[in-house]
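Contents: one structure, followed by commentary.
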């Protein structure tokens with residue numbers, strides 16, 4: 001059976017979640033802008049692939065930052081993550097790194 | 001934890017401001033900036049609570065996987081846990097997609113697509129106050 005660490009779970013969840021959400025957001029909201037670029041440059045596949053790669057890379061970096069910050073604050077295991085007293089600390093880390101201010 | 005613990009919807013002016021920044025970066029063909037800004041928007045639409053709950057659900061899924069030895073049972077438990085917190089089953093699939101990356105390798109295409117679709121619709125509904 002595969003053994004996973006907290007770091008691996010956080011990395012996977014945050015990275016995939018952000019990546020999927022972002023790519024769908026682009027597709028749904030900014031297609032019109034892309035059509036104009038595609039018409040002038042004639043290589044839509046390349047542009048799309050480039051953007052997908054950039055989004056994936058950025059999502060990966062953000063997830064790594066969250067993992068590192070959790071470790072810095074001694075949240076290193078699943079047990080640490082589940083401690084009640086750590087919940088606000090974890091939420092703050094997520095908000096700070098993702099610049100969520102709502 | 002639960003629905004009440006999730007972040008409030010992104011306010012309209014911030015949504016519009018980030019959207020405009022994304023449009024400008026597309027016009028400038030600055031795709032790196034565009035990627036940053038769109039992730040910023042996606043994260044703000046999702047909110048801290050949703051991302052926190054997604055990780056917790058991932059952990060629950062992992063525990064089930066450890067207990068049963070079954071990858072799909074682990075993924076399903078992640079979904080169940082997420083759904084239990086009061087979010088729609090559709091958004092829970094977002095967790096399944098994410099967890100899929102861990103449990104099931106990279107073979108998450110269908111789940112990921114459905115998840116992103118549902119997650120984004122849910123986020124928009126919250127944004128416009130449905």
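Chains as they are written, first to last, in the numbering used here: chain D, 1 to 102; chain U, 1 to 130. All C-beta atoms in this analysis are idealised placements derived from N, C-alpha and C, irrespective of residue type, glycine included. Note that this is a predicted model, so its numbers are computed, not measured.
- Taken in chain order, the complete alpha helix (DSSP H) segments of 4 or more residues contained in the segment 41-92 of chain D are 44-72, 78-82.
- The distance from the Cβ of residue 47 of chain U to that of residue 100 of chain D is about 7 angstroms, consistent with a contact at the 8 angstroms cut-off.
- Around residue 21 of chain U, the same chain offers 37 as residues with beta carbons nearer than 7 angstroms, after the five sequence neighbours per side are excluded.
- Across the structure, residue 77 of chain D and residue 6 of chain D are spaced so that their CA atoms are roughly 5 angstroms apart.
- Put simply, of D:97, D:17, D:23, D:51 the residue whose alpha carbon is nearest the alpha carbon of residue 66 of chain D is D:97.
- Residue 14 of chain D places its beta carbon less than 8 angstroms from that of residue 62 of chain D.
- With contact defined as three or more Cβ pairs closer than 8 angstroms, the segment 53-60 of chain D and the segment 14-31 of chain D are in contact.
- The criterion of a C-beta distance shorter than 8 angstroms is not satisfied by residue 52 of chain D and residue 25 of chain D.
- If you compare the alpha carbons of U:26, U:81, U:43, U:23 with that of residue 61 of chain U, the shortest gap goes to U:81.
- With respect to residue 25 of chain U, residue 41 of chain U sits apart: the two C-beta atoms are not nearer than 8 angstroms.
- The alpha-carbon of residue 72 of chain D is positioned some 37 angstroms away from that of residue 30 of chain D.
- At a beta-carbon threshold of 9 angstroms, none of the residues of chain U lie near residue 63 of chain D; the nearest stands roughly 10 angstroms away.
- Think of a sphere of 9 angstroms around the beta carbon of residue 75 of chain D: no beta carbon from chain U falls inside it, the nearest being about 11 angstroms out.
- The beta carbons of residue 94 of chain D and residue 81 of chain D sit about 12 angstroms from each other, so the pair does not count as a contact at 8 angstroms.
- With its beta carbon at least 8 angstroms from every one in chain D, residue 76 of chain U lies outside the interface.
- For residue 5 of chain D, the secondary structure class from DSSP, reduced to helix, strand or coil, is coil.
- In the structure shown, residue 29 of chain D falls within a helical segment according to DSSP collapsed to helix, strand and coil.
- CA-CA distance, residue 27 of chain U to residue 10 of chain D, rounds to 34 angstroms.
- Annotation: Cβ neighbours of residue 99 of chain D in chain U (cutoff 7 angstroms, chain order): 40.
- Taking a C-beta distance under 8 angstroms as the contact criterion, residue 54 of chain U and residue 64 of chain U do not qualify as a contact pair.
- Within chain U, no C-beta atom comes less than 8 angstroms from the C-beta of residue 79 of chain D; the nearest is roughly 10 angstroms away.
- Residue 29 of chain U and residue 32 of chain D have their C-alpha atoms some 14 angstroms from each other.
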